[in-house]
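Here this note's numbering runs 12 ahead of the position in the sequence shown, where the first position is 1.
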Amino acid sequence: MSTPSSAGYATGRILRPSAKSLPEHSRSHNRALVLQTLYRSGSISRADLARATGLTRVTISDLVAQLIADDLIVELGQREDARPGKPATLLDINRTGFQILGLDLSDHALLRGGVLDLDGGILERRQVLLENATGQAAVDKVLALTHELVAAATAPIMGIGVGSPGVVDLGGTVLSAPNLGFRDLPLQQILADATGLPVLVANDANAAVLAEHSFGGALSDTMLVKVGHGVGAGLLLGGTPLFGSRYAAGEIGHVVVGTDGGAACACGKVGCLETWLAIPRLEANLAAAPDDAARDLILRQAGERLGIALAPVVGALDLAEVVLSGPAELLDGPLAEAAIETLRNRTMAEFHGDLTVRMTALGQDIVMRGAAAMVLSGQLGVS
Ligand SMILES: [Zn+2]
């Protein structure tokens, strides 16, 4: 297990190692490759591992012995259908030996947390009402939730993952999260100091796209658009998270959509994507609509603006799918249909004709589970 300071799921590293490393590469790559193979396949023998990874049996034996000593791999017993001769011993990741804490700070009204197993299942839930707390008062609530979760865990804690709104750098400092009053807040260090555990803090949409990749079946080239009080996105390209030069990749909420004006935005501009799509705005517009046809039109217009904003991104990055996260009763239906129509009309059919826009199946647990995926990736190199 790495130390808190060295943990990181990030830059430029593909999430799922899939080939053995060259001699000059590190042993840690092969260790992650073995863990990744076991994490996705489960219950296989040393010989199976050697075949799947391309590593020699000697190397596998050596790595497995070390990983058993570290308590990260367990022997499950012998294969029942083994042919005559020495039966093969089956191995797996030690799925019950550790737990992960996941925190979601992205809801405007409450902080959510969970104790998760290594497969991303939520074993325990806790939440703390935000009650409009900002700054240090909000940090205190995050700390209180964290301590509650530590107390609720029933196995050694592998690490703590946190999805925060706003822009977060690769060291887990929240550079700016206006809703929580965080500015240059070293949240990762604060939580590590408070718990003595490895901690990873990332933007909520970046956490969410990892959840979709690990637990929701997302492709390796995916954009996840998270719609709530704000609008943000997380991007995976070639299975690698994209952060951008100022850690603000995916911050599409304050991109102006169109040249025809629109509503005034909190940021000072007019016609930002958030003015069409943010949930409070949508709900207010829908509440003022006289009938179903008017409601339908409001949802379709929001979807169209989303499609306009996403089309150049889909074209530039050759994405195969866009995943939406947020209230399904608003996003799924006319809004998503208008978004896909607009995207198809504005991109090249021969490349993007089969593009899909779909709702995540992970519901409101997506950030919490993504926070756990960050810890799995940072501590074990698996996803
Ligand atoms: Zn704006």
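Note that beta-carbon positions come from the ideal geometry of N, C-alpha and C, so glycine has one too. Fair warning: this is a prediction, and the values are worked out from it, not measured in the lab.
Tell me whether residue i is buried or exposed, calling it buried when 16 or more other Cβ atoms sit within 10 Å of its Cβ.
{"i": "residue 205", "result": "exposed"}
{"i": "residue 177", "result": "buried"}
{"i": "residue 223", "result": "buried"}
{"i": "residue 360", "result": "exposed"}
{"i": "residue 18", "result": "Confidence is the limiting factor: at residue 18 the pLDDT is only 37, short of 50, which leaves the residue's position unreliable, though a coordinate-based value still follows. Flag for residue 18 reads exposed."}
{"i": "residue 321", "result": "buried"}
{"i": "residue 15", "result": "Its pLDDT being 38, under 50, residue 15 is placed unreliably by the model, and nothing is read from it."}
{"i": "residue 142", "result": "buried"}
{"i": "residue 29", "result": "buried"}
{"i": "residue 159", "result": "exposed"}
{"i": "residue 238", "result": "buried"}
{"i": "residue 38", "result": "exposed"}
{"i": "residue 286", "result": "buried"}
{"i": "residue 218", "result": "buried"}
{"i": "residue 363", "result": "exposed"}
{"i": "residue 124", "result": "buried"}
{"i": "residue 137", "result": "exposed"}
{"i": "residue 284", "result": "buried"}
{"i": "residue 292", "result": "exposed"}
{"i": "residue 148", "result": "exposed"}
{"i": "residue 377", "result": "buried"}
{"i": "residue 271", "result": "exposed"}
{"i": "residue 317", "result": "buried"}
{"i": "residue 42", "result": "buried"}
{"i": "residue 282", "result": "exposed"}
{"i": "residue 189", "result": "buried"}
{"i": "residue 277", "result": "buried"}
{"i": "residue 253", "result": "buried"}
{"i": "residue 280", "result": "exposed"}
{"i": "residue 381", "result": "buried"}
{"i": "residue 121", "result": "exposed"}
Terminal residues of the continuous beta strand (DSSP E) containing residue i?
{"i": "residue 101", "result": "101-105"}
{"i": "residue 170", "result": "169-176"}
{"i": "residue 238", "result": "234-239"}
{"i": "residue 304", "result": "No beta strand (DSSP E) contains residue 304, which is instead part of the alpha helix (DSSP H) from 304-329."}
{"i": "residue 138", "result": "134-141"}
{"i": "residue 286", "result": "Run containing residue 286: none in the beta strand (DSSP E); it sits in the alpha helix (DSSP H), 285-289."}
{"i": "residue 195", "result": "194-197"}
{"i": "residue 115", "result": "111-116"}
{"i": "residue 128", "result": "122-128"}
{"i": "residue 92", "result": "That residue, residue 92, is in no beta strand (DSSP E); it is neither H nor E in DSSP."}
{"i": "residue 333", "result": "333-337"}
Just to check my reading of the structure: residue i and residue j have Cβ atoms closer than 8 Å, yes? What is that Cβ distance to the nearest angstrom?
{"i": "residue 184", "j": "residue 157", "result": "About 17 Å; that fails the 8 Å criterion."}
{"i": "residue 113", "j": "residue 172", "result": "4 Å"}
{"i": "residue 77", "j": "residue 69", "result": "No, residue 77 and residue 69 are not in contact; Cβ-Cβ is about 12 Å, not under 8 Å."}
{"i": "residue 332", "j": "residue 231", "result": "5 Å"}
{"i": "residue 118", "j": "residue 379", "result": "6 Å"}
{"i": "residue 392", "j": "residue 44", "result": "7 Å"}
{"i": "residue 372", "j": "residue 337", "result": "5 Å"}
{"i": "residue 167", "j": "residue 126", "result": "The Cβ separation is near 14 Å, so there is no contact."}
{"i": "residue 259", "j": "residue 182", "result": "7 Å"}
{"i": "residue 350", "j": "residue 327", "result": "Their Cβ separation, rounded to whole angstroms, is 18 Å, which puts residue 350 and residue 327 out of contact at 8 Å."}
{"i": "residue 88", "j": "residue 55", "result": "6 Å"}
{"i": "residue 319", "j": "residue 358", "result": "7 Å"}
{"i": "residue 174", "j": "residue 384", "result": "Rounded, the Cβ-Cβ distance is 11 Å, inconsistent with contact."}
{"i": "residue 421", "j": "residue 67", "result": "Outside the shown range of the chain (13 to 395) lies residue 421, about which nothing can therefore be said."}
{"i": "residue 234", "j": "residue 241", "result": "Not quite, the Cβ-Cβ distance comes to about 23 Å (not below 8 Å), so this is no contact."}
{"i": "residue 99", "j": "residue 90", "result": "4 Å"}
{"i": "residue 116", "j": "residue 216", "result": "7 Å"}
{"i": "residue 374", "j": "residue 227", "result": "6 Å"}
{"i": "residue 246", "j": "residue 220", "result": "6 Å"}
{"i": "residue 354", "j": "residue 323", "result": "7 Å"}
Can you give me the start and stop residues for the alpha helix (DSSP H) that residue i sits inside?
{"i": "residue 6", "result": "In this structure the chain extends from 13 to 395, so residue 6 is not present and cannot be described."}
{"i": "residue 189", "result": "It is not in any alpha helix (DSSP H) - residue 189 instead sits in the beta strand (DSSP E) that spans 186-189."}
{"i": "residue 152", "result": "147-164"}
{"i": "residue 368", "result": "That residue, residue 368, is in no alpha helix (DSSP H); its beta strand (DSSP E) goes 368-371."}
{"i": "residue 358", "result": "346-358"}
{"i": "residue 341", "result": "340-343"}
{"i": "residue 3", "result": "No information on residue 3 is available, as it lies outside the stretch 13 to 395 that the chain covers here."}
Taking only runs of the alpha helix (DSSP H) that begin and end inside the stretch 23-88, which ones reach a length of at least 4 residues, in chain order?
39-53, 58-65, 69-81
I need the residues with a C-beta less than 6 Å from some heavy atom of ligand 1; please give them in chain order.
266, 277, 279, 281, 284, 286
Length-filtered (4 minimum) alpha helix (DSSP H) runs lying within the stretch 212-261:
216-227
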